[in-house]
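Be aware that the sequence shown starts at 58, since it is given in this note's numbering, and climbs by one per residue.
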Amino acid sequence: MTTKNVSSTTTASRNLERAARIMERCDRLARESAEVGKISRLYATPELRAARDLLEGWMREAGMTTRIDNVGNLIGRYAADPAVADPKTLIIGGHWDSVRDAGRYDGTLGVLSGIAAVGGLHEAGMRLDAAIEVMAFADEEGVRFHTALLGSSPIAGGFDPAWLAMTDDAGITLGEAIRAFGGDPAAIPGDARAPDDLLGFIEVHIEQGPVLQERDVPVGVVTGITGSARAEIVFTGMAGHAGTIPMSSRRDALTGSAEFILAVERVGRSVEGLVATVGKLDAEPGASNVVAGRTVQTLDLRHPDPRVRDRAVAALKGEVEEIGSRRSLEWTWHDSPCFAETPSDPALTGTLREAIEREGIPVVELFSGAGHDAVTMAAIAPVTMLFVRCKDGISHNPAESITVEDVAAALAVLDRFAASVAAQV
Ligand code: GLV
Ligand code: MN
Ligand code: MN
């Protein structure tokens, strides 16, 4: 065996060890949850804080200084080589909130890969010509306030103060939740990150689709992220006795919802590439012997073309109006913030492609139907993403599964990518 082979074997086995540590840490984070035996880590909850404490400890162990901003994001910084005057910064990001009954890798893989990349440099006593910041976002999924990307929005200067009045299911406002989580809502604008020194933003994320598995490659490069719209729709009818109100005189909010949900499915199926989902429905008062007087349902609608999204949203508003008037239901439609389709930055993505090629991995390009923090971060930095193969493309589900070998491949690519981005300054 040549020296070169010995050293690449050593690197490969070292990467497997680092990847194994990431997998263990994902398992450890999975224990910080609102529900025993399930992973549910919503924004500004005790379990989110407990998981953040773990991440902060791991960041410090990897040689980073850490800080927490007003919405509760955790930011670790690993300084550049002190010989470099006015160093630039590469951001490696991820989120550590989750959906309800989630898998253990969505989001956390990005944060932990960033920590591992910095940890590798720290252990080797190395500094790059650029600083690295690992940004752990406190909310990406938007489950608690039905608004995604609440963590990265302030950093990217895209936080709308009107959002502070949004309420969760318990009627707690976002402003109150931020305060209870240790932040000052009035100070959020000051958390915006100046773009001047930023070289780029990268997130390592599970694919959440089957392409990499089908193509038999561990990682792929993301060409862009779809655009999305969310809304909350409320139908109000009249609650009453299920045994005594004749069918002909009911104002049943839940049957209105049933029609709406089917309309969402119909509209979603009507255009190639459009997806539309009602993922949450609450019926009140919620008893088997009471006609539902009020329902609250969500809409999540995605397509890369904003005209398609706008037309679909308009069609569904028309459906709500028609259902409401035919069934004598009052209704409200509340739009949540929308997110524009976001292409990956060509130059940064070129550097990522090269890093993949130099690892001897065929370059597979993917478009993301899932939303990611790169959408907001694109306002302040060039963005790109590295996807990691996940079993059968399953995500937002406890069955999410990845392999240690694929994580090791992603780390090797990320190390190369960070080194070459830093060397380009
Ligand atoms: C986040 O995973 C989203 O796409 O909603
Ligand atoms: Mn995610
Ligand atoms: Mn997700």
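Ideal Cβ placement from N, Cα and C applies to all residues, glycine included. Computed from a predicted model, the values in this text were never measured in an experiment.
Non-local beta-carbon contacts of leucine 409 in its own chain, meaning distances under 8 Å to residues more than five positions away in sequence, involve Ile259, Val278, Thr441, Leu443, Val470 and Phe474 in chain order.
In this structure, the CA atom of serine 210 is about 44 Å from the CA atom of arginine 307.
A distance below 8 Å between beta-carbons, with the five flanking residues on each side excluded, links threonine 399 to the following residues of its chain, in chain order: Gly281, Ile282, Gly284, Ala431, Val432, Ala435 and Val440. Of Val321, Glu197 and Gly199, the smallest CA-CA separation from threonine 334 is found for Val321. With contacts defined as CB atoms closer than 9 Å, aspartate 196 and alanine 286 fail to qualify as a contacting pair.
For leucine 311 and valine 268, the gap between their C-alpha atoms comes out near 38 Å.
A Cβ-Cβ contact shorter than 9 Å links leucine 147 with valine 478. Relative to the non-hydrogen atoms of ligand 3, the Cβ of serine 452 comes within a distance shorter than 8 Å of at least one. As the crow flies, the alpha-carbon of glycine 257 is around 34 Å from that of alanine 369.
Per DSSP, phenylalanine 474 is one residue of the alpha helix (DSSP H) stretching across 461-480.
Looking at the backbone, the Cα of glycine 228 and that of arginine 201 are separated by about 11 Å. Rounded to whole angstroms, the separation of the alpha carbons of glycine 199 and tyrosine 100 is 8 Å. For the pair isoleucine 212 and arginine 250, the CB atoms are nearer than the 9 Å cut-off. Between the stretch 93-110 and the stretch 149-163, the count of C-beta pairs closer than 8 Å reaches three or more; the two stretches touch. Residues Leu311, Ala349 and Thr352 of the same chain have their beta carbon placed closer than 6 Å to that of alanine 340, with the five preceding and five following residues left out of the count. Taken in chain order, the whole beta strand (DSSP E) runs of length 3 or more contained in the stretch 291-371 are 332-334, 338-341 and 351-360.
A straight line joining the alpha-carbon of alanine 205 with that of proline 394 spans about 8 Å. Note that the C-beta distance between arginine 446 and valine 274 is below 9 Å. Here isoleucine 189 is not near leucine 112, since their CB atoms are 9 Å or more apart.
Only buried fits threonine 406, as 16 or more other CB atoms lie within 10 angstroms of its CB. Under DSSP, phenylalanine 258 takes part in a beta bridge, and its partners are Ile148 and Val440. Residue pairing from DSSP places leucine 131 in a beta bridge opposite Ile125 and Ala193. Not one heavy atom of ligand 2 lies closer than 8 Å to the C-beta of aspartate 196. For proline 394, the enclosing beta strand (DSSP E) begins and ends at 387-396.
DSSP places alanine 142 outside both helix and strand once states are collapsed to three, so it counts as coil. If you ignore the 5 residues before and after proline 419, its C-beta comes within less than 7 Å of the C-beta of Val274, all in its own chain and listed in chain order. Taking all protein chains shown into account, glutamate 74 has fewer than 16 neighbouring C-beta atoms within 10 Å of its C-beta and is therefore exposed.
Only exposed fits alanine 77, as fewer than 16 other CB atoms lie within 10 angstroms of its CB. According to the DSSP assignment, glutamate 422 belongs to the beta strand (DSSP E) that extends over 422-425. Per DSSP, glycine 176 is not a residue of any beta strand (DSSP E); the alpha helix (DSSP H) it occupies stretches across 165-180. The beta carbon of histidine 391 lies closer than 7 Å to those of Ala288 and Glu289 in the same chain, with the five residues before and after it left out.
Taking C-beta atoms as the reference points, proline 363 and alanine 404 fail to come closer than 9 Å. For ligand 2, residues qualifying as neighbours are Asp163 and Gly164, where qualification means a beta carbon closer than 5 Å to at least one of its heavy atoms (chain order). Distances from the CB of valine 261 to the heavy atoms of ligand 3 are all 8 Å or more.
It is roughly 5 Å from the alpha-carbon of valine 347 to the alpha-carbon of glycine 297. Spanning the alpha carbons of valine 261 and isoleucine 149 requires a straight line of approximately 8 Å.
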